[in-house]
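Asks: Take a look at the following structure, please.
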Amino acid sequence: MQAKQIESNRITLQKGMAREVFELVKDRNRTYFVETYGCQMNVRDSETIAGLLQKMGYSPSESKDGANVILFNTCCVRDHAEKRLLANIGALKERKEEDPGLIIGICGCMMQQQDVAKKVMRRFPFVNFVFGTNVLWRLPELMFSALNGERLILTEEEGFAICESLPALRSNPFSAFVNITFGCDNFCSYCIVPYVRGRERSRALSEVVAEVRALAEQGITEVTLLGQNVNSYGKGMGVDFADLLHAVNGVDGIRRIRYMSSHPKDLTPRLMAAIAENDKVCHHMHLPVQSGSTTILERMNRRYTREGYLHLVEDLRGMVPDIELTTDVIVGFPGETDRDFQDTLSLMDQVGYAAAFTFKYSPRKGTLAAGAEDQIPEAVKKERLKKLNELQGRKTAENNLKYLGHRGEVLVEGFDRRGETILFGKLGVFKMVYFPGDEKLLGTYQTVTVTECARNSLLGRME
Ligand code: SAM
Ligand code: SF4
Numbered sequence: 402m403q404a405k406q407i408e409s410n411r412i413t414l415q416k417g418m419a420r421e422v423f424e425l426v427k428d429r430n431r432t433y434f435v436e437t438y439g440c441q442m443n444v445r446d447s448e449t450i451a452g453l454l455q456k457m458g459y460s461p462s463e464s465k466d467g468a469n470v471i472l473f474n475t476c477c478v479r480d481h482a483e484k485r486l487l488a489n490i491g492a493l494k495e496r497k498e499e500d501p502g503l504i505i506g507i508c509g510c511m512m513q514q515q516d517v518a519k520k521v522m523r524r525f526p527f528v529n530f531v532f533g534t535n536v537l538w539r540l541p542e543l544m545f546s547a548l549n550g551e552r553l554i555l556t557e558e559e560g561f562a563i564c565e566s567l568p569a570l571r572s573n574p575f576s577a578f579v580n581i582t583f584g585c586d587n588f589c590s591y592c593i594v595p596y597v598r599g600r601e602r603s604r605a606l607s608e609v610v611a612e613v614r615a616l617a618e619q620g621i622t623e624v625t626l627l628g629q630n631v632n633s634y635g636k637g638m639g640v641d642f643a644d645l646l647h648a649v650n651g652v653d654g655i656r657r658i659r660y661m662s663s664h665p666k667d668l669t670p671r672l673m674a675a676i677a678e679n680d681k682v683c684h685h686m687h688l689p690v691q692s693g694s695t696t697i698l699e700r701m702n703r704r705y706t707r708e709g710y711l712h713l714v715e716d717l718r719g720m721v722p723d724i725e726l727t728t729d730v731i732v733g734f735p736g737e738t739d740r741d742f743q744d745t746l747s748l749m750d751q752v753g754y755a756a757a758f759t760f761k762y763s764p765r766k767g768t769l770a771a772g773a774e775d776q777i778p779e780a781v782k783k784e785r786l787k788k789l790n791e792l793q794g795r796k797t798a799e800n801n802l803k804y805l806g807h808r809g810e811v812l813v814e815g816f817d818r819r820g821e822t823i824l825f826g827k828l829g830v831f832k833m834v835y836f837p838g839d840e841k842l843l844g845t846y847q848t849v850t851v852t853e854c855a856r857n858s859l860l861g862r863m864e
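In this note's numbering, the protein residues as written are 402 to 864.
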């Protein structure tokens, strides 16, 4: 029944099961809608889900209303995504009563937790199936079962195999996400990812390059290489992330290479040199610091100190002077004192990030930090987050001011047509610029001069 063939840690999807579903739904104008929560990895997984559903004869629906298949691709990194998801599933009860043929599936990281998957199936008897992020390739089997009235839970990991042959419906025609690693081995003490996405596995360099080449042939010019920690790409395979950057840089048709996220502990001089040497690699790095206090970093199991991080930033800026940095920060980690928090503020001030994603610590069941006794009260977390965001707001505005009069190339990603058509696109350093222009320029590279700095973006004009 299963559509697969496993060779070592690589699975090849066989087409049988998708075709069986296709035979069941063909000529019936069936549509699907995928609601995605969380990070870029989930966005990329949803593209695969869409690609698989297309192969099964379904076409995309603009919204949940009227869709024949609704899939929720979940995230469990922080608590609030979970609450929002449960409310959204609950809201479909009446729809399902009116239309018993509606197929509802839940997937993603949250469903990789057996107890949560079972809870969802118990609490929402109208849900057809749940499946974990590591078994995406089994969607045709799940759809086939649902069409035959069965309810299924699939969360097993198949030895963490990588499935290489899955179709994908790319959400952006000019810029694409490319997975390079799956899972994570770092076990930061607050983080659920290693438990739900499994051990770190890297795709073969040749597979990544082949995918990038195929994307370039379809007209994609910008790729973002994705992994929880791209810097440790290739561990145990005799290649590293620097090798991968060199290889992808050599692909004709690709003009920009982005990547995320970078773990500071694996940012080597060799990698910095690869970023500096390869002309297509963008001068932007997302380098999550999480905290500016060495004591907290140690408790977070981040394996670098405040001073070590600051040295890395100095070295990186020494080699790539115009590089822009963005980061992730957690406030209210267990045991975080006012002094520790001040250290975070001072680090943020010193580094001067272009932007930061800031979070209140959210205890995740099963992680080391969730069991700590010195949890921080919610009110303190809230207050610290507010202060941090105020500081970063000022730093972002300050950083934007540097670009006044700057001339650079953007990839035109979209447009807004309220009155005059306003195009938008990012500079290599990941700054968004808005400027008047013609929507026919979508997908092209244009040179713009920045004429005004708004708080979170730049305004400009085309040459
Ligand atoms: N692998 C990436 C890295 O290490 O940079 C990040 C992955 S995680 C999905 C994205 C961000 O969520 C983390 O960098 C961290 O700031 C935040 N995060 C993870 N677990 C969290 C938790 N329990 N509470 C609050 N924020 C958390
Ligand atoms: Fe989570 Fe740390 Fe792995 Fe990032 S590096 S996914 S924060 S465990």
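Backbone N, C-alpha and C fix where the C-beta goes; we use that ideal spot for every residue, glycine too.
Where does the unbroken alpha helix (DSSP H) through Gly837 begin, and where does it stop?
Replies: It should be pointed out that residue 837 corresponds to Pro in this sequence rather than to Gly. That residue, Pro837, is in no alpha helix (DSSP H); its beta strand (DSSP E) goes 833–837.
Asks: Could you spell out the range, first to last residue, of the alpha helix (DSSP H) harbouring Glu644?
Replies: Here residue 644 is Asp; the residue named in the question, Glu, does not match the sequence. Its alpha helix (DSSP H) spans residues 642–650.
Asks: The beta strand (DSSP E) with Phe473 in it runs from where to where?
Replies: 470–475
Asks: Between the Cα of Phe527 and those of Leu553, Asp516, Glu542, spot the shortest distance and give me the residue it belongs to.
Replies: Leu553
Asks: Excluding the 5 residues flanking Ser409 on each side, which residues of the same chain have their C-beta closer than 7 Å to its C-beta?
Replies: Below a pLDDT of 50, predicted positions are generally treated as unreliable, and Ser409, at 43, falls in that range; no measurement from the model is reported.
Asks: Using 8 Å for Cβ pairs, my map puts Arg657 next to Leu812. What's the rounded Cβ distance?
Replies: 7 Å
Asks: For Gln403 and Lys456, what's the separation of their Cα atoms in angstroms?
Replies: With a pLDDT of 40 at Gln403, under the threshold of 50, the modelled position of this residue cannot be trusted; read the value that follows with caution. Distance between the alpha carbons of Gln403 and Lys456 is about 16 Å.
Asks: Could you give the first and the last residue of the continuous beta strand (DSSP E) run that contains Lys827?
Replies: 823–828
Asks: Got a sec? Which residues, its chain only, sit under 8 Å from Gly635 by beta carbon, not counting five neighbours each side?
Replies: Excluding sequence neighbours, Gly635 sits near Ser603, Leu606, Asp641, Phe642, Asp644, Leu645.
Asks: In three-state DSSP terms, what is Arg718?
Replies: helix
Asks: Could you give the first and the last residue of the continuous beta strand (DSSP E) run that contains Leu507?
Replies: One detail in the question is off: residue 507 reads as Ile in this sequence, not Leu. Counting along the chain, the beta strand (DSSP E) containing Ile507 begins and ends at 504–509.
Asks: Report back the beta-carbon spacing between Gln441 and Leu626 to the nearest angstrom; my notes put them in contact at under 8 Å.
Replies: Not really, about 11 Å apart at Cβ, beyond 8 Å.
Asks: Apply the 10 Å Cβ neighbour rule to Ser663 and answer buried if 16 or more other Cβ atoms are within range, or exposed otherwise.
Replies: Per the 10 Å Cβ criterion, buried.
Asks: Can you confirm whether the segment 807–827 touches the segment 764–773 when touching is taken to mean that 3 or more C-beta pairs between the two stretches lie within less than 8 Å?
Replies: No, because fewer than three Cβ pairs between the segment 764–773 and the segment 807–827 fall closer than 8 Å, the two stretches do not touch.
Asks: What's the gap between the Cα of Leu844 and the Cα of Leu698?
Replies: Contrary to the premise, residue 844 reads as Gly rather than Leu in this sequence. Distance between the alpha carbons of Gly844 and Leu698 is about 41 Å.
Asks: Excluding sequence positions up to five away, which residues of its chain have a Cβ less than 6 Å from the Cβ of Cys683?
Replies: Arg657, Arg659, Gly829
Asks: Identify the residues that DSSP records as bridge partners of Tyr660: which are they?
Replies: Tyr660 pairs with Leu626.
Asks: Report buried or exposed for Gln793, applying the criterion of at least 16 other Cβ atoms within 10 angstroms of its Cβ.
Replies: Gln793 is classed as buried because its beta carbon has at least 16 other beta carbons within 10 Å across all chains shown.
Asks: Determine, using beta carbons only, whether Asp741 and Ser692 come nearer to each other than 8 Å.
Replies: yes
Asks: Would you call Phe588 buried or exposed, if buried means 16 or more other Cβ atoms sit within 10 Å of its Cβ?
Replies: It is exposed - the Cβ of Phe588 has fewer than 16 other Cβ atoms within 10 Å.
Asks: Gly506 and Leu543: beta carbons closer than 8 Å?
Replies: Cβ distance < 8 Å, so Gly506 and Leu543 count as in contact.
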